[in-house]
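The structure appears right after this line, and notes come after that.
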Amino acid sequence: MNPLTAALEPLFAQLQPRLVEIYQDLHQHPELSMQEQRTAGIAADHLQRLGYVVTRGVGGTGVVGLLRNGDGPTVMLRADMDALPMAEQTGLPYASTATATDGDGRTVGVAHSCGHDLHVTWLMGAAQVLAAARGAWRGTLMVVFQPGEETAQGANAMIADWERLGLPRAGVVLGQHVMVGAAGTVSYRPGVILSAADSLKVTLFGRGSHGSQPQTAVDPVVMAAATVMRLQTIVSREVAPLDSAVLTIGALQAGTKENIIPDDATLKLNMRTYDEAVRTHMLQAVRRICCAECDASGAPRPPEFTTLSSYPMTDNDHDATARVAAAFHAQFGDNALQSKPMSASEDFSVFGRTWGVPYVFWFVGGTDPRAYAKARAEGTLNTLPSNHSPRFAPVLEPTLKTGLQAMLSAAAAWLCAPPEGPRDGNA
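Each residue of the sequence shown is one higher than the one before, counting from 1 in the numbering used here.
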């Protein structure tokens with residue numbers, strides 16, 4: 001046990017009821033990406049009461065808290081705050097019934113179906129322990145509550161404000177995510193742990209006409225159908241079998257009536273890749289195929305491409321991950337596991353990439369351990385409600401305490417480490 005998790009032990013019984021209250025409140029009051037005013041206010045007020053120097057409104061609704069505690073490294077802990085545009089179906093007594101207006105002007109249900117409410121709660125709890133245990137560590141703690149992860153806007157928006165607001169850069173960036181996995185476990189991985197993701201909207205232009213006179217039209221529906229089928233060959237025929245990749249067409253929209261050939265059709269697609277060369281090739285292939293299908297159909301103009309979102313790979317620094325892994329094994333024993341790469345994506349790495357510093361991202365299991373063990377034994381893990389499912393609901397214990405221990409253990413690997421002496425051994 002490290003000095004920070006040791007400090008947590010006598011405090012946890014006192015902290016737990018308040019943290020559960022915070023979590024349930026956040027869960028009931030989710031906010032869409034870049035609209036997290038209430039959540040940000042709760043986090044900022046909490047830090048202010050603990051004595052942090054707080055900067056609000058970073059990148060819109062982001063919050064940065066600084067706690068300086070002598071000479072030492074600057075360590076950043078990050079949590080994302082936004083919720084998803086979907087209705088919750090967990091049946092929990094504190095389930096969200098919130099609605100909001102999305103970016104397209106539609107009224108949508110809003111739910112914390114990815115677990116960001118738990119992330120905020122973890123970071124608020126860790127910030128409180130670190131403020132109470134200043135005798136156990138040295139350095140500067142930076143806690144960051146980030147907006148807009150679900151739309152890949154938040155990290156870049158915060159970075160755009162960083163220098164203007166006079167905020168320091170961290171020497172290492174640390175973050176975690178609740179995922180399907182036995183509660184009480186943590187999972188880490190050196191190198192690529194999360195995929196890159198690119199979402200595009202492609203508009204295909206045809207020439208509308210009456211449904212009874214197709215010879216007078218350039219049918220964008222047929223064009224779109226052919227394009228969808230051909231796009232599926234990128235992964236199956238252009239990406240090497242040992243290079244993992246995913247390409248999904250999530251939406252195909254065209255027309256209003258069965259006897260009208262419309263003027264245009266829209267595709268929305270999402271790609272996941274684990275290698276920059278594969279990513280570049282697939283983006284180029286999408287453009288090539290869409291343009292070629294339009295040309296083959298005699299389209300009056302080339303297609304239009306709009307980037308909806310773009311996430312870099314999360315590629316954990318090997319040395320920093322080894323440091324975190326050692327801390328996890330010391331804290332959790334056999335419940336510290338090495339993860340496989342996940343096909344989910346995050347904008348967490350934007351901070352470390354921009355500053356050129358190491359970053360480490362890991363997972364905390366949030367599934368009832370008995371349910372997880374049963375599903376694993378029966379080969380039905382894929383049936384468990386996962387992140388972005390309307391039925392996703394982490395069990396609060398031991399997930400709440402495990403997440404606090406993981407965050408504090410990782411921070412302690414830098415904040416509680418002995419000062420480094422001269423590298424050449426001379427005084």
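Where is the CB? At the ideal position from N, CA and C, for every residue including glycine. All values reported here derive from a predicted model rather than from experimental measurement.
Assuming residue i is part of the alpha helix (DSSP H), what are its boundary residues?
| i | result |
| --- | --- |
| N156 | 154 to 162 |
| Y94 | Here Y94 belongs to no alpha helix (DSSP H), and DSSP marks it neither H nor E. |
| V395 | Neither: V395 is in no alpha helix (DSSP H) and is coded neither H nor E. |
| A330 | 318 to 332 |
| S349 | 349 to 355 |
| T5 | 3 to 28 |
| A377 | 369 to 378 |
The beta strand (DSSP E) with residue i in it runs from where to where?
| i | result |
| --- | --- |
| I42 | Run containing I42: none in the beta strand (DSSP E); it sits in the alpha helix (DSSP H), 37 to 50. |
| E304 | 304 to 311 |
| S195 | Unbroken run through S195: none, as it is neither H nor E. |
| S409 | Taken as a continuous stretch (DSSP letters only), S409 belongs to no beta strand (DSSP E), being part of the alpha helix (DSSP H) at 399 to 415. |
| L84 | Looking at the DSSP string, L84 is not in any beta strand (DSSP E), and its letter there is neither H nor E. |
| A336 | 336 to 338 |
| R68 | 62 to 69 |
| A100 | 99 to 101 |
| T107 | 107 to 109 |
| G57 | 53 to 58 |
| S187 | 186 to 188 |
Whose CA, out of the options, lies closest to the CA of residue i?
| i | options | result |
| --- | --- | --- |
| L130 | P341, L19, P214, G51 | G51 |
| D25 | N69, A98, T55 | A98 |
| T151 | T121, R164, C114 | C114 |
| F392 | V54, D334, M34, E88 | E88 |
| R138 | D275, L4, N69 | N69 |
| F145 | A132, R134, A127, A133 | A127 |
| A83 | S96, V222, A320, L92 | S96 |
| F441 | Q48, T107, A240, L118 | Any question about residue 441 goes unanswered here, given that the chain covers just 1 to 427. |
| G298 | A325, H210, V218 | V218 |
| S309 | N156, L174, V186, D161 | N156 |
| D347 | D104, I159, A136, P93 | I159 |
| S187 | G154, F332, L4 | F332 |
| A226 | P300, C291, Q176 | C291 |
| Y274 | E397, P312, L337 | P312 |
| G148 | M124, E163, L174, G62 | G62 |
| V221 | K257, L396, S199, D198 | K257 |
| K201 | A251, T354, D80 | A251 |
| A197 | S349, I22, P214 | S349 |
| S33 | E238, G154, T216 | G154 |
| N316 | L92, S195, W122, A100 | S195 |
| V75 | L174, L47, L165 | L174 |
| L77 | P398, A136, M407, A413 | M407 |
| Q28 | L92, E397, V53 | L92 |
| H281 | V239, T399, Q253, T354 | V239 |
| T399 | P10, E31, G125, A7 | G125 |
| E397 | N2, F12, A7, M1 | F12 |
| T367 | N387, G352, G109 | N387 |
| E31 | L67, G103, E9 | G103 |
| V228 | A265, Q176, P3 | A265 |
| T216 | V108, E163, P300 | P300 |
Below 8 angstroms on the Cβ atoms is my contact criterion, and I expect residue i with residue j to pass it. Report the Cβ-Cβ distance as a whole number of Å.
| i | j | result |
| --- | --- | --- |
| G428 | L415 | The question about residue 428 has no answer here: the residues shown for the chain are numbered 1 through 427. |
| M86 | A111 | 5 angstroms |
| T90 | G365 | No, T90 and G365 are not in contact; Cβ-Cβ is about 18 angstroms, not under 8 angstroms. |
| V278 | D243 | 5 angstroms |
| A322 | S409 | Contact flag wrong, Cβ pair sits at about 14 angstroms. |
| M223 | E293 | 6 angstroms |
| T121 | Q405 | So it is not a contact: roughly 14 angstroms between Cβ atoms. |
| V58 | L47 | Contact doesn't hold; Cβ gap of about 13 angstroms is too wide. |
| L123 | A79 | 4 angstroms |
| V324 | A413 | 6 angstroms |
query = Do the segment 239 to 247 and the segment 264 to 279 make contact, defined as three or more Cβ pairs closer than 8 angstroms?
reply = Yes: at least three Cβ pairs fall under 8 angstroms.
Segment contact, 8 angstroms Cβ cut-off, at least three pairs: the segment 168 to 184 with the segment 358 to 365 = Contact holds: three or more Cβ-Cβ distances are below 8 angstroms.
query = Which residue spans inside the segment 111 to 178 form an unbroken alpha helix (DSSP H) run of at least 4?
reply = 116 to 132, 154 to 162
message = At 4 residues or longer, what runs of the alpha helix (DSSP H) sit wholly inside the segment 194 to 275?
response = 220 to 231
message = Does the contact criterion of 3 or more C-beta pairs under 8 angstroms hold for the segment 337 to 345 versus the segment 185 to 193?
response = yes
ask   = Are three or more beta carbon pairs between the segment 228 to 239 and the segment 273 to 286 nearer than 8 angstroms?
value = Yes, the segment 228 to 239 is in contact with the segment 273 to 286.
inquiry  = Taking contact to mean 3 or more Cβ pairs, one atom from each stretch, closer than 8 angstroms, check whether the segment 2 to 20 and the segment 39 to 55 are in contact.
reply    = no
inquiry  = Counting beta carbon pairs with one atom in the segment 179 to 187 and one in the segment 363 to 383, are three or more of them shorter than 8 angstroms?
reply    = yes
request  = Assess, as a yes-or-no matter, whether the segment 249 to 261 is touched by the segment 202 to 212 under the definition of 3 or more beta carbon pairs within less than 8 angstroms.
outcome  = yes
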